[in-house]
C-alpha cells in the first residue's frame, strides 16, 4: 500500500470571492432600494444574491444566470440593461469579473476573508440597524399620513379617527406623490406606506368602512415630526430672506425663485430649500423660466383647491356618464357594442369602468389643467350624482327572479347611498312571450318595483331607445347641476341630509366615486346587522322595508332573542314584532309575520 499523505495542519484556506462581483453589486443595490421603499421584492433579490454567491463560475451575461435558482426573466432583464449601460460607459472590453480591491464585494454574507473582529462589528451594526426607529422621510406617504392624523387629533371635539377618503384628501397636500395614481412604471402609490405604518404599530385600522387612528407610539412620532416641521419653518424663512437680500445686492441678474406674489401661507408650504435654490440659480434662464412656470401652475392649482375648501364650484367640473364594463363585453357582443356606438353617435361624454352596483351612473369630474413637464394630467376628484340605473332585458329579468338576484339587486341599490335609483326595462318586442315565467308575473314584478320599492321605472323597446334615454338624462343632469356647488360627504353621514330634503333645500352633498364603489362591493366583509337583515329577508313576505323596521328596534339576533326571553308567555312572544311600523304609510308588521320570525329563531329542532 502506498504511504498515506501527511496531514497538513494550520488555518483553513479562505474561500474564493464571488466570480461575478458586478452582478452581485447590482443585485445588492436593487435589494437595498426595495428595502428602503418597503417592497416585498427585496426578499426575491436576497434569494438571487444567495444563489449567485454559491455559483463558482463566471457569467458572461445575465441570460446565463437563468440556470440559477430565483433568477427569472425580470431580474435577468434588469441585469442585462445595467450591463449594456456599463459597457457604454466603460467600453466593450471592460472586465465584469473584477472590482476595486479596496472593499469586499457587497452582499457577500459568507466571505471568510473577514477578520473575526470585523464580523462581530458587522453583526453589532446589523443589530443596531434593526433596532433603529422607523422615521418616514419628509413629504413621503407615511409622513403625510402621520402628520394629518396628528393634526386632526388636535382639533377640539374631533372624532379621533379618519376615513380613507378624507385621510387621502387631507394628506395629499403634505405629500409629493399621489395617493391614488401610481407613478409611471410602478404599481405603488403613496397610500402603500400605510401598511408599513400599521406593521410598525404607528397606525391602527378598525371597523368597516375602515377607520384610521394613531397609536401611542404613532402619536409620539407624529408630534416630533410636527414640532420639527414647525421649528424649521421660521429659521429657514429668515435665512432665505437674508440670502435673497444678499443675492439681490451682489448679483442683480440672478432670478430669485423665492419671490412670488402669492400669500405668505402658500410661500411657506411651497418654499424651495436653500440647496435647491443654489442649484436652480446656476441654471440657464430658459430652464428657470420653465421651472417657475410649472411651479406656478401647481401652486395655482393647489391654491384653487384651498380656496374652494374641497368644493367643486360651478364651471369647474364636467358631468360624465359611467358605463359598467359588463354592458360592453361578453354575451351578445354585437348588441352590447351597439349601445357604445349609439352613445358615440349622440356625442355623449361617457367612460367605461367597473361598477360594483348598477349599470349606469353619472359623476361630476373636476376639470384639471395639465402641468408642464408631466406626461399625464393630475387626477381630478369625482363625485357621484344621486342617479343610478339598473338595466334589465325581459329575459334577464325573468332569470334574475328565478335565481333570486332580483330582490338582492334591489336591496343593494337601496343601500348604495344614491337616492334616485332607476330601473330601465327593455321589452324586446315579442321575446317576452317565450320565457319561463308568465308575462303577467314579469309585469307584476315591474309594477312592484315602482310602487312598493319606490324605484322609477322607464320602459323602452330596444338598445337604441336605451341609448336615447341615457343621452337625454346626461343632458338633463348637465343642465340641472350647472349652477350647483358640489361638496363631498361620507356615506357615514347620509342621515344628516334628511332635514334639508324635508325643508325643500336641494342638497349638493355627494359621495366620492371611490368611496361609493368600494362600499358597494358585493362580497365584502359584512357586519352582524347586515347579515341579520339578509336572514330576515329570506322569509317569505318580509321585504327590505320590513327588515329595516325590525333592525331599528333589534339590530342583532342577540338583542331579539333577549327581548323574547323577557316576554312572560308564548302569546306575547309571538306578537312581539306585530306592532312595529314600516314604510311610508307606517303600517303594522302584523301578527302573521311576527309569529313566523318567532318560530324561526326560537323553535328547538327542525321547523315543520
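Numbering (the UniProt record's numbering), first residue to last: 1 to 608.
The beta carbon of each residue, even a glycine, is placed where N, CA and C say it ideally should be.
These numbers were taken from a predicted model, which means no experiment stands behind them.
Sequence-distant residues of its chain with Cβ nearer than 7 angstroms to residue 553 (five each side left out): 580
Short Cβ contact (8 angstroms threshold) for residue 520 with residue 165: no
Sufficient close CB pairs (3 or more, under 8 angstroms) joining the segment 134-147 to the segment 212-223: yes
Same chain, Cβ closer than 6 angstroms to residue 204, neighbours up to 5 away in sequence not counted: 213, 215
Nearest to residue 593 (by Cα), restricted to the options 440, 35, 538: 538
Limits of the beta strand (DSSP E) - the one that residue 386 falls within: 382-393
Pick from 403, 193, 397, 482 that is closest to residue 312, judged by C-alpha positions: 482
Per DSSP, the bridge partner or partners of residue 486: 312
Residue environment, residue 598, which counts as buried when at least 16 other CB atoms sit within 10 Å: buried
The segment 340-349 in contact with the segment 458-472 per 3-pair CB rule at 8 angstroms: yes
Residue burial classification, residue 195 (beta-carbon count within 10 angstroms, cutoff 16): exposed
Reduced DSSP secondary structure (H/G/I, E/B, other) of residue 479: helix
Cα-Cα separation between residue 145 and residue 202, rounded to whole angstroms: 10 angstroms
Contact set for residue 328: own chain, Cβ-Cβ below 6 angstroms, skip 5 residues either direction: 336, 340, 352
Own chain partners of residue 370 with C-beta closer than 6 angstroms, once the 5 adjacent residues on each side are dropped: 377
Where the beta strand (DSSP E) containing residue 324 begins and where it ends: 317-324
Residue burial classification, residue 573 (beta-carbon count within 10 angstroms, cutoff 16): buried
Ordered list of beta strand (DSSP E) runs contained in the segment 144-229, each at least 3 residues: 203-206, 211-214
Residue 366 to residue 385 span [Cα, whole Å]: 13 angstroms
First through last residue of the alpha helix (DSSP H) which encompasses residue 545: 544-553
Three-state class that DSSP yields for residue 456 in the structure shown: strand
Backbone secondary structure at residue 73 - three-state DSSP: helix
Close-in-space but distant-in-sequence residues of the same chain around residue 142 (CB under 7 angstroms, 5 per side omitted): 136, 193, 196, 197
The segment 415-423 touching the segment 388-396, judged by at least three CB pairs closer than 8 angstroms: yes
Opening and closing residue of the beta strand (DSSP E) in which residue 423 lies: 420-426
Status (buried if at least 16 other CB within 10 Å, exposed otherwise) for residue 98: exposed
Backbone CA spacing between residue 511 and residue 518 [nearest angstrom]: 11 angstroms
Cβ-based burial, residue 325 [other Cβ within 10 Å; buried from 16]: exposed
Opposing strand residues paired with residue 582 [DSSP bridges]: 587
Contact set for residue 132: own chain, Cβ-Cβ below 6 angstroms, skip 5 residues either direction: none
Contacts around residue 90, its chain only, beta-carbon distance under 8 angstroms, and the 5 residues preceding and following it disregarded: none
Meets three-Cβ-pair contact criterion under 8 angstroms: the segment 174-181 and the segment 533-549: no
Residues sharing a beta bridge with residue 511, DSSP: 384, 489
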